[in-house]
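Going by the UniProt record's numbering, the first residue of the sequence shown is number 1, and it counts up by one from there.
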Amino acid sequence: MSKNPTNAPLSEVEHIKARSRHLRGTLAESLADPLTGAIAPADTQLIKFHGSYQQDDRDIREERRQQKLEPAYSFMLRTRLPGGVCTPKQWLVLDELARTHANGTLRMTTRQAFQLHGVLKGDLKPTIAAMKATLLDTIAACGDVNRNVMCNPNPVDSRAHALVQQWTQRLSEHMLPKTRAYYEIWLDEEKVAGGEEEPIYGSTYLPRKFKTAVVVPPLNDVDVFSQDLGFIAILEAGELVGFNVVVGGGMGATHGDNATFPRLADVIGFVPPERLLVVAENVVKVQRDYGDRTNRKHARLKYTIEDRGIAWFVGELEQRLGFKLEPARPFKFDHNGDRFGWTEGYDGKWNLTLFIESGRVADRDGSKHLTGLREIARVHRGDFRLTPNQNLIIAGIASEDRPAIESLVEAHGLAGYQRASPLRRNALACVALPTCALAMAEAERYLPDLVGLLEVRMAAHGLEKDNIHLRITGCPNGCARPYLAEIALVGKAPGRYNLFLGGDVRGQRLNRLYRENIDEAGLLEALEPVFAAYAKDRQPGEGFGDFTVRSGLVASPSR
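Now the structure itself:
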């Protein structure tokens, strides 16, 4: 349990975890209950550790209430996919599950994972079993544990990149919970009779979710400074010599609560590769023991560090490690976006990065993206790589296979990266309505229209070819990492947002609140003079976010 000296009572979720018998709870009984599409309230907390959230369709919630029906319950399932790497066989299974057990779409997330939406309670077990048959799982994709570990999705850039991807996979496996509850409940494995331990997490796991990423400069597409824990690969003469360690990042906040805020991670030192796992484990253990278990809004590692200080944290970590971290080594990031189109790997094979708006793979609006990628998966001999920016790389394409892949891409409307504006290609959005219970405003469904409106205003000032990073979330929890964007909208209420400006394209600066609680008209009115000033007064090569800070439109960040 936490060593936090407060006398405040533990949060209810802490009691649920303590009583859960290592995440079992009454999930088996809830799944077997034929009288409701939901599971027991306590189980809604525990199922997160198994990679799922209970949701309902908020578009029809009131209609069903008037009809005296329970909400239209369903479940989101999220995969654990270290570094976003997926085989064609796995893609085909996920595609089939999306069409048979979910809502007919695949969602690629900003953490390089897949989400299936609209899975009914009775379909959860067969869906998870089908995933497991292709070596996919949903373990620890949600919940108060270390979640999917991110990595640059282009390990074929060099042999060192491929090695970094291997460390990412090892890290993901090392940090998994040891409980067999997942296998018992979803895969009908024989029950364990006592003696189970969680050497990393303890009986009540972490106070809140924990996010980890590994990155190879100069590309910061994982936004490493937004993570609880990050490892920045240091390459010398093309060889991996180790990692800089960064701790204490996080995007979540709560409207009106000044005790909550986004925070950039601190660089605290360097370690050789063979010490990566032990460092990661002990960072987690420090948070396990000192994180706030009384207030879930204040329970992330960033608050532990803010409250106690980075010097205290490093001292506590090094005491547990039994050695000191080496001084951090120099690194440089150029940008945190994706590289669209064709690139050649060090192995002579090709990679094609496709633009997938909001990461939603679907057959709709005249496009056949789901069908097209299914057809590609049937012939592709490499793999697929999900980017941290909700796009997709068809990786490892032999030269002789390029024409066939290109033909399928064109035939199914997947070549949008060639036609979409830089603003649209760079934009991120969380799912928000109608399924996310926390959403206060639209995000994914509003993004296409929002981008269209901004494209018109930018074109009027000659900015249509500028790479400006836009992100929108339906609430302040920050799933699309909005607080790092050059322009960000954070949902406040239906149709109303807080507008933030001033992030940079390297993911190394937080933006600042520029306008509060504005509607669409207010948003366009606020941005119009900013676009005009940027077009007129920017310096050569100056990014939009950099300009807003230099010109004094937004205050220079203090952290």
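All residues carry an ideal CB built from backbone N, CA and C; glycine is no exception. Note that the structure is a prediction, hence the values are computed from the model and not measured.
(Q) So, at 8 Å on beta carbons, what are the nonlocal neighbours of residue 111 in its own chain, with the 5 sequence-adjacent residues on each side left out? (A) The residue given as residue 111 occupies position 111 in the sequence shown. So the qualifying residues of the chain are 147, 148, 150, 211, 388.
For this session: Could you have a look at residue 55 and say whether DSSP puts it in helix, strand or coil?
Result: Stepping through the sequence shown from its first residue, residue 55 is reached at position 55. Of the three classes helix, strand and coil, the one that applies to residue 55 here is strand, per DSSP.
Could you check the C-alpha separation between residue 27 and residue 182 for me, to the nearest Å? Your numbering for residue 27 matches position 27 in the sequence shown. Your numbering for residue 182 matches position 182 in the sequence shown. One C-alpha to the other measures close to 10 Å.
### Query
What whole-angstrom Cβ distance do residue 140 and residue 75 have, given they're in contact under 8 Å?
Within the sequence shown, residue 140 is the residue found at index 140, counting from 1. Within the sequence shown, residue 75 is the residue found at index 75, counting from 1. The pair is not a contact, with the Cβ atoms about 17 Å apart (cut-off 8 Å).
Pairwise C-alpha distance: residue 453 and residue 137:
If you number the sequence shown from 1, residue 137 lands on position 137. If you number the sequence shown from 1, residue 453 lands on position 453. Cα to Cα, residue 137 sits roughly 40 Å from residue 453.
So for residue 559, helix, strand or coil by DSSP? Reading the sequence shown from its first residue, position 559 is the one you call residue 559. Because the pLDDT of residue 559 is 49, which lies under 50, any placement of that residue in the model is unreliable, and the number read from its coordinates should be weighed accordingly. Residue 559 falls in the coil class under three-state DSSP.
Anticipated Cβ contact below 8 Å, residue 243 with residue 225, distance rounded = Locating residue 243 in the sequence shown gives position 243, where the first residue counts as 1. Locating residue 225 in the sequence shown gives position 225, where the first residue counts as 1. In fact, because the Cβ distance is near 14 Å, the residues do not count as touching under 8 Å.
Chain-order list of residues whose beta-carbon lies under 7 Å from that of residue 402 (same chain, five-residue window excluded): Translated into the one-based positions of the sequence shown, residue 402 becomes position 402. Excluding five sequence positions before and after residue 402, the CB atoms of its chain that fall closer than 7 Å to its own CB belong to 350, given in chain order.
Q: Measure the CB-CB distance between residue 164 and residue 385 and report whether it falls below 8 Å.
A: Start at 1 with the first residue of the sequence shown, and residue 164 comes out as number 164. Start at 1 with the first residue of the sequence shown, and residue 385 comes out as number 385. No, the pair does not count as a contact, with Cβ atoms beyond the cut-off.
Rounded distance between the beta-carbons of residue 353 and residue 339, thought under 8 Å | Here the question's residue 339 lines up with position 339 in the sequence shown. Here the question's residue 353 lines up with position 353 in the sequence shown. Rounded, the Cβ-Cβ distance is 6 Å, consistent with contact.
**Prompt:** Which residue's Cα is closest to the Cα of residue 432: 97, 117, 356?
**Reply:** Working through the sequence shown from its first residue, we reach residue 432 at position 432. Comparing C-alpha distances from residue 432 to each of 97, 117, 356 shows the shortest one belongs to 117.
Under the three-state DSSP convention, the category residue 310 falls into = Reading the sequence shown from its first residue, position 310 is the one you call residue 310. Helix at residue 310.
Buried or exposed by the 16-neighbour rule on C-beta atoms within 10 Å, applied to residue 264: The sequence position of residue 264 within the sequence shown is 264, counting from 1. Label assigned to residue 264: buried.
For the beta strand (DSSP E) containing residue 537, list its first residue and its last residue. For this step, residue 537 is matched to residue 537 along the sequence shown. Run containing residue 537: none in the beta strand (DSSP E); it sits in the alpha helix (DSSP H), 520-537.
Tell me where the alpha helix (DSSP H) around residue 168 begins and ends.
-> Stepping through the sequence shown from its first residue, residue 168 is reached at position 168. Its alpha helix (DSSP H) spans residues 159-174.
8 Å Cβ cutoff met for residue 335 and residue 505: For this step, residue 335 is matched to residue 335 along the sequence shown. For this step, residue 505 is matched to residue 505 along the sequence shown. With contacts defined as CB atoms closer than 8 Å, residue 335 and residue 505 qualify as a contacting pair.
| query | Starting from residue 544 and walking both ways along the beta strand (DSSP E), at which residues does that stretch end? | reply | Reading the sequence shown from its first residue, position 544 is the one you call residue 544. That residue, residue 544, is in no beta strand (DSSP E); its alpha helix (DSSP H) goes 544-550.
query: Are the beta-carbon atoms of residue 545 and residue 253 separated by less than 8 Å?
result: Taking the sequence shown and counting its residues from 1, the one referred to as residue 545 is at position 545. Taking the sequence shown and counting its residues from 1, the one referred to as residue 253 is at position 253. For residue 545 and residue 253, no; Cβs fall outside 8 Å.
Terminal residues of the beta strand (DSSP E) in which residue 490 lies: Stepping through the sequence shown from its first residue, residue 490 is reached at position 490. Unbroken beta strand (DSSP E) run through residue 490: 487-493.
*Please report how far the alpha carbon of residue 14 lies from the alpha carbon of residue 219, in whole angstroms.*
Counted from its first residue, the sequence shown places residue 14 at position 14. Counted from its first residue, the sequence shown places residue 219 at position 219. Rounded to whole angstroms, residue 14 to residue 219 spans 38 Å at the Cα level.
- Message: Checking the sheet assignment: what are the DSSP bridge partners for residue 115?
- Response: The residue labelled residue 115 in the question sits at position 115 within the sequence shown. Under DSSP, residue 115 forms a beta bridge with 78, 107.
- Under a three-way DSSP split, which group does residue 184 fall into? On the sequence shown, residue 184 is found 184 positions in, with the first residue counted as 1. It is helical.
Q) residue 405 and residue 394: beta carbons closer than 8 Å? A) Here the question's residue 405 lines up with position 405 in the sequence shown. Here the question's residue 394 lines up with position 394 in the sequence shown. Yes, these two residues count as a Cβ contact at 8 Å.
message: I'd like the span of the beta strand (DSSP E) that includes residue 235, first residue to last.
response: Against the sequence shown, residue 235 aligns to sequence position 235. For residue 235, the uninterrupted beta strand (DSSP E) segment begins and ends at 229-236.
| request: Can you have a look at residue 32 and say buried or exposed, based on whether 16 or more other CB atoms are within 10 angstroms of its CB? | output: In the sequence shown, the residue the question calls residue 32 occupies position 32. With fewer than 16 other beta carbons inside 10 angstroms of its own, residue 32 counts as exposed.
Complete alpha helix (DSSP H) runs within the region 316-391 (minimum length 4 residues, chain order):
Entirely contained in the region 316-391, the alpha helix (DSSP H) runs reaching 4 residues are, in chain order, 369-379.
| query | Whose C-alpha, out of 40, 399, 487, is nearest the C-alpha of residue 25? | reply | Sequence index remark: in the sequence shown, residue 25 carries index 25 (1-based). For residue 25, the nearest C-alpha among the options comes from 40.
With burial defined as no fewer than 16 other Cβ atoms inside 10 Å of the residue's Cβ, what is the status of residue 300: buried or exposed?
Counting from one through the sequence shown, the residue named residue 300 turns up at place 300. Residue 300 should be labelled buried.
Exercise. Please go through the same chain and pick out, in chain order, the residues whose beta-carbon is closer than 7 Å to the beta-carbon of residue 36, but skip the five residues on each side of it.
Key: On the sequence shown, residue 36 is found 36 positions in, with the first residue counted as 1. Result list for residue 36: 70, in chain order.
Exercise. Indicate the three-state DSSP secondary structure (helix, strand or coil) for residue 416 in the structure shown.
Key: Against the sequence shown, residue 416 aligns to sequence position 416. Residue state for residue 416 is assigned as helix, using DSSP reduced to three classes.
By Cβ distance, which residues of its chain are closer than 6 Å to residue 47, with the 5 residues on each side in sequence left out? As a first step, residue 47 is located in the sequence shown; it is residue number 47 there, counting from the start. Closer than 6 Å at the Cβ level, and outside the excluded window around residue 47, lies no residue.
- Item | Nearest-angstrom Cα separation, counted from residue 176 out to residue 83 | Locating residue 83 in the sequence shown gives position 83, counting from the first residue. Locating residue 176 in the sequence shown gives position 176, counting from the first residue. Distance between the alpha carbons of residue 83 and residue 176 is about 15 Å.
* Asked: Mind checking if residue 236 is an interface residue toward chain B, Cβ cutoff 8 Å exclusive?
  -> Within the model displayed, chain B is absent; a lone protein chain is all it includes.
**Item:** Local Cβ density within 10 Å of residue 216, reported as buried at 16 or more and exposed below that
**Value:** Numbered from 1 along the sequence shown, position 216 holds the residue referred to as residue 216. Looking at its Cβ environment, which holds 16 or more other Cβ atoms inside 10 Å, residue 216 is buried.
Open item on the list: So for residue 516, helix, strand or coil by DSSP?
Closed with: Numbered from 1 along the sequence shown, position 516 holds the residue referred to as residue 516. Reduced to three states, the DSSP call for residue 516 is strand.
Where does residue 299 sit, in a helix, a strand or coil, going by DSSP?
Within the sequence shown, numbered from 1, the residue matching residue 299 stands at position 299. Coil, per DSSP.
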